[in-house]
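Residue numbers (my numbering): 4 to 256.
Some notes on the structure that comes next.
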Ligand code: NAD
Ligand code: ZN
């Protein structure tokens with residue numbers, strides 16, 4: 004831990020004293036210490052399936068019950084999970100900076116549960132379901148009454164309102180993120196492998212526009228290629244320390 008403090012002090016000698024706009028990208032890694040498995044971690048498999056085989060429109064067409072059963076298993080885990088110190092630190096950061104945007108790839112809703120306000124869930128939310136026919140959206144608790152659930156309006160199949168592999172992002176949402184990222188001073192990328200390419204692209208664009216990129220991830224990721232600073236630590240143990248130092252640094256200067 005002494006090394007972590009030293010690494011943070013080192014970073015602070017290299018960043019401006021005036022930071023006006025801050026953005027965050029989070030991935031499954033920030034919720035790992037809340038007990039929610041990441042996709043690519045050792046516990047990412049369910050039965051014999053990989054997430055990439057279940058979180059697809061094709062898998063849902065083929066076997067909606069199987070896909071919903073997988074989501075129900077994940078929803079049960081997420082229901083019991085609570086935000087960890089990394090989630091709460093982001094709430095403090097949002098209160099501190101005038102311009103702050105939290106872009107999450109997570110669907111677990113833990114940022115909202117922690118108290119973050121300005122959140123964009125670019126991959127949706129696991130608690131929301133959407134009708135495959137009439138687009139009706141509804142929050143569904145777990146356990147579900149029936150699997151797969153059906154629409155209360157038109158009785159068609161409901162699907163999780165999340166972005167699956169091979170699906171397109173909402174264009175309007177992406178342009179809100181891009182606009183913010185164009186003028187962001189500091190971008191933190193926390194707990195994302197970068198195997199999903201759009202968030203990596205967004206971060207790279209911010210970097211090209213002058214943002215300082217700080218990555219927090221115990222392992223190498225696709226963001227590591229262009230991050231200005233990297234903390235190879237778990238989010239819940241390192242982000243609160245980083246924020247303590249950064250806040251002091253900004254208040255002092
Ligand atoms: P990923 O599973 O591909 O990668 C997780 C990353 O987190 C890895 O790089 C890993 O090294 C890192 N990591 C593991 N433990 C960490 C910790 N304690 N602190 C910091 N980093 C840690 O996840 P991804 O990049 O978010 O992309 C996969 C997709 O999976 C996303 O679209 C997301 O919607 C979905 N997903 C979401 C959840 C969730 O909502 N909690 C969970 C699993 C997957
Ligand atoms: Zn419907």
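For each residue, glycine too, the CB sits at the ideal point set by N, CA and C.
Since the model is a prediction, treat every value here as computed from it, not as a measurement.
Any non-hydrogen atom of the ligand ZN within 8 angstroms of residue i CB
{"i": "residue 159", "result": "yes"}
{"i": "residue 139", "result": "yes"}
{"i": "residue 144", "result": "no"}
{"i": "residue 136", "result": "yes"}
{"i": "residue 128", "result": "no"}
{"i": "residue 220", "result": "no"}
{"i": "residue 156", "result": "yes"}
Exposure of residue i, with buried meaning 16 or more beta-carbon neighbours within 10 Å
{"i": "residue 96", "result": "buried"}
{"i": "residue 226", "result": "buried"}
{"i": "residue 19", "result": "exposed"}
{"i": "residue 142", "result": "exposed"}
{"i": "residue 184", "result": "buried"}
{"i": "residue 213", "result": "exposed"}
{"i": "residue 155", "result": "exposed"}
{"i": "residue 187", "result": "buried"}
{"i": "residue 2", "result": "This structure leaves residue 2 out entirely; the chain is present only between 4 and 256."}
{"i": "residue 207", "result": "buried"}
{"i": "residue 137", "result": "exposed"}
{"i": "residue 196", "result": "buried"}
{"i": "residue 134", "result": "buried"}
{"i": "residue 48", "result": "exposed"}
{"i": "residue 92", "result": "buried"}
{"i": "residue 63", "result": "buried"}
{"i": "residue 179", "result": "exposed"}
{"i": "residue 46", "result": "exposed"}
{"i": "residue 220", "result": "buried"}
{"i": "residue 153", "result": "exposed"}
{"i": "residue 200", "result": "exposed"}
{"i": "residue 182", "result": "exposed"}
Residue i beta carbon near the ligand NAD (any heavy atom closer than 8 angstroms)
{"i": "residue 152", "result": "no"}
{"i": "residue 40", "result": "yes"}
{"i": "residue 200", "result": "no"}
{"i": "residue 47", "result": "yes"}
{"i": "residue 177", "result": "no"}
{"i": "residue 111", "result": "yes"}
{"i": "residue 180", "result": "no"}
{"i": "residue 165", "result": "yes"}
{"i": "residue 170", "result": "no"}
{"i": "residue 36", "result": "yes"}
{"i": "residue 79", "result": "no"}
{"i": "residue 237", "result": "yes"}
{"i": "residue 196", "result": "yes"}
{"i": "residue 89", "result": "yes"}
{"i": "residue 51", "result": "no"}
inquiry  = Suppose only complete runs of 3+ residues qualify. What are the beta strand (DSSP E) ranges in the segment 11 to 92, listed by chain order?
reply    = 24 to 29
ask   = Are there three or more Cβ pairs, one per stretch, closer than 8 angstroms when the segment 159 to 173 is compared with the segment 238 to 256?
value = no
request  = Take every Cβ of the segment 32 to 42, pair it with every Cβ of the segment 78 to 94, and state whether three or more of those distances are shorter than 8 angstroms.
outcome  = yes
task = Decide if the segment 205 to 222 is in contact with the segment 45 to 62; the criterion is three or more beta carbon pairs, one per stretch, under 8 angstroms apart.
result = no
ask   = Taking one C-beta from the segment 103 to 110 and one from the segment 20 to 28 each time, how about it: are there three or more such pairs within less than 8 angstroms?
value = yes
task = Pair every Cβ in the segment 120 to 127 with every Cβ in the segment 164 to 176, then say whether three or more of these pairs are closer than 8 angstroms.
result = yes
request  = Please specify which runs of the beta strand (DSSP E), each continuous and at least 3 residues long, are wholly inside the segment 163 to 206, giving them in chain order.
outcome  = 189 to 193
task = Would you mind listing the beta strand (DSSP E) stretches within the segment 101 to 166 that are 3+ residues and don't spill past its ends, in chain order?
result = 102 to 107, 122 to 124, 127 to 134, 140 to 142, 161 to 165
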